[in-house]
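Novice: Just so we're aligned, residue 66 is where the sequence shown starts under the working numbering, counting upward by one. For every residue, glycine included, the Cβ atom is placed at its ideal position computed from N, Cα and C. Please read through the structure below; I'll follow up with questions.
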Amino acid sequence: MTDPIPPKRIFPEAKVDAEAAKHIPSSPQTEDPAYTLAFQDKDFLLRPDLRPVRFQLELLKPELLLDEQKIGSTFVFYGSARVPEPAKADAVLHAARTDKEKLIAERLKAKSHYYETARELARLASQVERDDEGKRHFVVCSGGGPSFMEAANRGAEDVGAESIGLNIVLPHEQLPNPYVTPHLSFQFHYFALRKMHFLLRARAVAVFPGGFGTFDEMFELLTLIQTGKVRPLPILLYGREFWERVVNFEALVEEGVISERDLDLLTWCETAEEGWAKVCDTYACEDEPLRARS
């Protein structure tokens, strides 16, 4: 006699009941919000009491989708959303009216060449082969916005690779740049969860000139490594002239609030090749070295 084969499940999937709920006859009871399925009740899900659930959802959704796409590790790009690409830098300068605006525009233009550096670094990172399990590594991941974030996603697209964008809802409109792979484009409500997803799969991070957001992301990563919460990974700091003007790293050592060896967490870079060489050197002693597609 053939062995019986039990069904995979005996309860209907949630999506089945969700569809069935659309066709329930109208009555005072069924029209009341209390009758709405909990997972379809947006007003319920947006209650302050449900914040822990929203945290969990925002953690789970990207995690599950990235796992399904076999993304084993990422190369994260941080940097300003305000620095123009070289082709648009002159237009920004031309639009300046006051002396102060012209000075700022000139400084933005001076940093614009890093757009192409970020783009080239992303090209290099995007050419690593899948591993034996079919997982992708050093997949480019940015905040999904303009400027250096756009350059990173654009560099991946240049070589036919997919890339990730982690956007966040802001008071002013922020759309994903056109180079983010659509099914790897995520939107967040919580900064904390967004920053967690930046680092969960990160195996290298490139930091380009930026403002408060870039500072926040970079110093949080440095703190995590300094305190032993995260294993050290390459942190490539681009634009030494900019960074040493806005942050006195040596003064932190002199004041005794960090140790000198903490400065070794940073790798100063100016070219894409320098940065990629540091990543390759870092992981050359792993079980299997990085393999670039020919």
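Less than 8 angstroms between the CB atoms is what I'm expecting for Ala269 and Leu298, so what's the real figure, rounded?
Specialist: Here residue 269 corresponds to residue number 204 of the sequence shown, with the count starting at 1. Here residue 298 corresponds to residue number 233 of the sequence shown, with the count starting at 1. Sure, about 6 angstroms apart at Cβ, within 8 angstroms.
Novice: Please look up how many angstroms separate the CB atoms of Ala86 and Gln105, rounded, as I've assumed it's under 8 angstroms.
Specialist: In the sequence shown, the residue the question calls residue 86 occupies position 21. In the sequence shown, the residue the question calls residue 105 occupies position 40. With 8 angstroms as the limit, Ala86 and Gln105 qualify as a contact, their Cβ atoms being about 7 angstroms apart.
Novice: Taking all protein chains shown into account, decide if Ser359 is buried (16 or more other Cβ within 10 angstroms of its Cβ) or exposed.
Specialist: Your numbering for residue 359 matches position 294 in the sequence shown. Residue placement at Ser359 is flagged as unreliable, the pLDDT there being 33, under the threshold of 50; the coordinate-derived value follows with that caveat. By the 10 Å Cβ count, Ser359 comes out exposed.
Novice: Cutting at 7 angstroms between CB atoms, please list the residues of its own chain near Pro28, excluding the five before and the five after it.
Specialist: Look at the range of the chain in this structure, 66 to 359, and you will see that residue 28 is not part of it.
Novice: Relative to the C-alpha of Gly360, which residue among Arg172, Leu110, Lys135 is closest?
Specialist: No answer is possible for residue 360: it lies beyond the span of the chain, which begins at 66 and ends at 359.
Novice: Starting from Thr288, trace the alpha helix (DSSP H) in both directions and tell me its first and last residue.
Specialist: Taking the sequence shown and counting its residues from 1, one reaches residue 288 at position 223. Thr288 -> alpha helix (DSSP H) spans 277-291.
Novice: Given 8 angstroms as the limit, is there contact between the stretch 260-274 and the stretch 138-145, that is, 3 or more CB pairs closer than that?
Specialist: With the cut-off at 8 angstroms, the stretch 260-274 and the stretch 138-145 touch.
Novice: Per DSSP, Ala269 is paired with what?
Specialist: Here residue 269 refers to the residue found at position 204 of the sequence shown. Per DSSP, Phe140.
Novice: Whose CA, out of Ala216, Glu133, Leu249, Pro98, lies closest to the CA of Gly199?
Specialist: By one-based count along the sequence shown, residue 199 stands at place 134. The option with the nearest alpha carbon to Gly199 is Glu133.
Novice: Closer than 8 angstroms is the cut-off here; do at least three beta carbon pairs connect the stretch 223-231 with the stretch 179-191?
Specialist: With a cut-off of 8 angstroms, the stretch 179-191 and the stretch 223-231 count as touching, because enough Cβ pairs lie within range.
Novice: Given Pro127, which residues of its chain have a CB within under 6 angstroms of its CB, disregarding the five upstream and five downstream residues?
Specialist: As a working mapping, residue 127 is identified with position 62 in the sequence shown. The answer, listed in chain order, is Phe251, His262.
Novice: Between which residues of its own chain and Thr347 is the CB-CB distance below 7 angstroms, once the five residues before and five after are set aside?
Specialist: Numbered from its first residue, the sequence shown carries residue 347 at position 282. Here the set comprises Pro299.
Novice: I'd like to check one pair, Leu258 with Leu124: are the Cβ atoms closer than 8 angstroms?
Specialist: Position 59 of the sequence shown, counting from 1, holds the residue named residue 124. Position 193 of the sequence shown, counting from 1, holds the residue named residue 258. Contact: yes.
Novice: Mark Thr336 as exposed unless 16 or more other C-beta atoms lie within 10 angstroms of its C-beta, in which case mark it buried.
Specialist: Locating residue 336 in the sequence shown gives position 271, counting from the first residue. When all chains shown are included, Thr336 counts as exposed.
Novice: Taking only three categories from DSSP, how would you classify Thr347?
Specialist: Within the sequence shown, residue 347 is the residue found at index 282, counting from 1. Looking at Thr347 - three-state DSSP - the assignment turns out to be helix.
Novice: Within this structure, are the beta carbons of Ala217 and Val204 separated by less than 8 angstroms?
Specialist: Your numbering for residue 217 matches position 152 in the sequence shown. Your numbering for residue 204 matches position 139 in the sequence shown. No.
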